[in-house]
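Accompanying notes for the structure given below.
2 protein chains.
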Amino acid sequence: MATKCRDCPIRKLSLFEQMSAEDVEVMERFKVGELTIEAGTPILSEGSNAPQLFTALSGMGLRYTILPDGRRQVLNFVFPGDFVGLQAGVMREMTHSVEATTRMRLCVFDRKELWNLFRHQPERAFSLTWLAALEERFMSEALTTVGQRSAPERIGWAFSRIFRRLTELRMREDHSVPLPYRQQDLADALGLSLVHTNKTLAAMRRNQKATWSDGRLRIPDLEELEAYAMVENPELPKRPLM
Amino acid sequence: MATKCRDCPIRKLSLFEQMSAEDVEVMERFKVGELTIEAGTPILSEGSNAPQLFTALSGMGLRYTILPDGRRQVLNFVFPGDFVGLQAGVMREMTHSVEATTRMRLCVFDRKELWNLFRHQPERAFSLTWLAALEERFMSEALTTVGQRSAPERIGWAFSRIFRRLTELRMREDHSVPLPYRQQDLADALGLSLVHTNKTLAAMRRNQKATWSDGRLRIPDLEELEAYAMVENPELPKRPLM
DNA sequence: CGACCTGTTGATTTAGATCAACTTACGTGG
DNA sequence: CCACGTAAGTTGATCTAAATCAACAGGTCG
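Line by line, the protein sequences are chains A and B. For the first sequence, counting from 1, position 39 maps to 39 in UniProt numbering; every step adds exactly one. For the second sequence, counting from 1, position 100 maps to 100 in UniProt numbering; every step adds exactly one.
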């Protein structure tokens with residue numbers, strides 16, 4: 001049932017670093033199974049000490065934290081190729097939750113094997129560190145966005161990241177990509193209120209910057225949007241796949 | 001001249017994971033020298049592909065990014081024990097800059113040796129990944145702060161992090177720690193304007209929450225401040241030292 | 001001495017939050 | 001099959017936290 005890593009549907013995409021045949025074998029041994037999660041279901045919960053690590057294979061999800069009084073910060077959207085659970089893997093416990101927004105397929109790894117990876121597979125261990133550094137870089141960029149950009153710039157930045165990522169994942173058709181989230185999710189990701197997000201989206205629709213409706217995001221001119229939002233290095237770097 | 005790792009002035013602090021004698025030796029070989037940087041001088045610049053990695057030994061600094069139009073986001077403050085340059089080490093280039101706020105002493109490592117660390121010292125490689133995950137966790141928390149908290153809560157959060165870190169570093173005297181930054185730096189870290197930061201600081205001083213003046217931060221009741229700012233896990237986790 | 005940097009404070013403006021009402025779509029159960 | 005409840009999106013009116021503008025004070029340095 002479970003996909004063999006050698007048949008991995010996303011590994012060959014140019015978004016991902018090429019893996020040696022040996023690395024693929026290593027991952028195949030590291031992988032303990034495959035998990036299908038229904039839309040709306042939690043994958044990992046804050047405070048838990050989950051024994052599992054995941055790589056998203058298909059579907060989309062959400063990473064977030066909740067403050068004691070209920071305010072929610074969406075940390076990022078989870079797309080195929082993302083590695084989930086590094087925190088639990090390396091530190092004691094998760095400080096954020098992850099849940100599936102659509103049905104998702106996940107590769108499952110055993111946390112206890114992580115240490116063996118470091119001992120016997122330095123290449124893979126290096127890739128993992130690379131991924132962690134990439135994640136940190138992304139969070140820094142998000143912080144810069146929320147800290148410094150205006151509402152339309154924030155949305156423009158987020159749309160650029162999403163559009164390019166989904167393009168790399170071959171999910172773009174013409175000028176649009178699927179985007180199965182709620183406006184509330186985007187609002188919580190960007191530190192904006194739902195109402196203001198809605199109005200800003202309406203304005204961007206009016207002036208042809210971007211149209212997000214019925215679960216699809218349409219961007220007529222990506223580079224123009226990026227220039228407007230001052231996205232400095234819009235191209236996504238190649239990344240390792242675990 | 002250069003401090004031997006075995007004589008490292010901060011290694012024994014309870015903030016840091018204990019290192020085996022072997023690990024200390026490894027680091028001593030990994031370390032290529034020591035660098036003293038004057039206040040106000042850049043350590044690493046955005047876009048550069050620096051051949052060096054650092055661990056802060058003493059002094060304080062700043063990590064930040066600048067948008068094309070000059071807006072600046074301070075990503076965090078650099079304190080002794082922080083590892084600097086992982087991005088350059090593992091990816092192509094830095095996406096942020098680092099500079100010294102006070103005079104700093106830094107351990108210098110050679111980036112080219114990083115790969116050897118992964119190959120021959122899995123324990124140290126694991127620590128490095130741990131550090132990267134910790135850094136990501138911190139950035140997530142900062143994002144949550146800037147995305148969801150009010151101005152006084154943001155400042156409260158930042159003060160809690162700083163106060164506890166400097167306490168762990170044995171820099172607390174009575175109820176105060178040194179904090180040699182400008183109000184502008186804090187404002188840029190928290191996504192607030194300088195003026196509003198100033199006024200919020202004045203209010204916090206008035207109601208006894210915290211007093212920051214003449215380069216010292218005084219917090220009469222840390223836990224009360226943390227409760228006010230809704231800091232969920234105020235205690236700092238033990239961290240590896242590179 | 002003047003220039004510059006940092007901090008301070010008051011006046012005014014505004015981006016974005018909050019409040020409120022209404023719509024469409026989709027279940028679910030009587 | 002319809003009534004009702006709920007989730008998501010939309011839009012207008014009002015409010016407010018924080019930004020911007022402006023002026024000034026103290027300290028330091030060349």
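Beta carbons are placed, not taken as given, at the ideal position from N, Cα and C, and that holds for glycine.
Secondary-structure assignment with DSSP links A/R105 through a beta bridge to A/T36, A/S58. Burial of B/V231 is indicated by the presence of at least 16 other C-beta atoms within 10 angstroms of its C-beta. A/P80 is not a Cβ neighbour of A/A100, given a cutoff of 8 Å. In the structure shown, B/D82 falls within a coil segment according to DSSP collapsed to helix, strand and coil. Residue state for A/E17 is assigned as coil, using DSSP reduced to three classes.
Taken through DSSP and simplified to helix, strand or coil, B/I43 comes out as strand.
Residue nearest to A/L236 within the set A/D188, A/R182, A/L166 is A/L166 (criterion: CA-CA distance).
With the criterion set as a beta carbon lying under 8 Å from some beta carbon of chain A, the members of the stretch 41 to 70 of chain B are T65, L67, P68, D69, in sequence order.
Of the candidates A/E223, A/R239, A/L186, A/E226, A/L186 places its Cα closest to the Cα of A/L75.
For the stretch 71 to 103 of chain B, the set of residues with a beta-carbon nearer than 7 Å to any beta-carbon of chain A comprises R71, Q73, L75, L86, Q87, V90, M91, T95, H96, in chain order. Membership of B/P122 in the alpha helix (DSSP H) is indicated by the continuous run 122 to 148. The beta-carbon of A/A133 is placed less than 8 Å from the nearest beta-carbon of chain B. Contact residues of the stretch 198 to 225 of chain B toward chain A are absent (C-beta to C-beta distance below 9 Å).
Cβ proximity to chain B below 7 Å picks out F118, R119, P122, A125, F126, L128, T129, W130, A132 from the stretch 116 to 132 of chain A. Non-local beta-carbon contacts of B/D188 in its own chain, meaning distances under 8 Å to residues more than five positions away in sequence, involve Y64, R72, Q73, V74 in chain order. Between the C-alpha atoms of A/S140 and A/M171 there is a straight-line separation of about 26 Å. By the Cβ-count criterion, B/Q208 is exposed, with fewer than 16 other Cβ atoms from all chains shown falling within 10 Å of its own Cβ.
A/V90 and B/A133 have their alpha carbons spaced roughly 7 Å apart. Inclusion of A/A151 and A/L117 in the CB contact set at 8 Å is not warranted, their separation being larger than that value. Between B/Q183 and B/L201, the CB-CB gap stays under 8 Å. In chain order, E136, M139, S140, L143 make up the part of chain B whose C-beta sits under 7 Å from the C-beta of A/M139.
Not one beta carbon of chain A lies nearer than 8 Å to the beta carbon of B/P9. A Cβ-Cβ distance of about 6 Å is found for the pair A/E38 and A/R103, placing them in contact under the 8 Å criterion.
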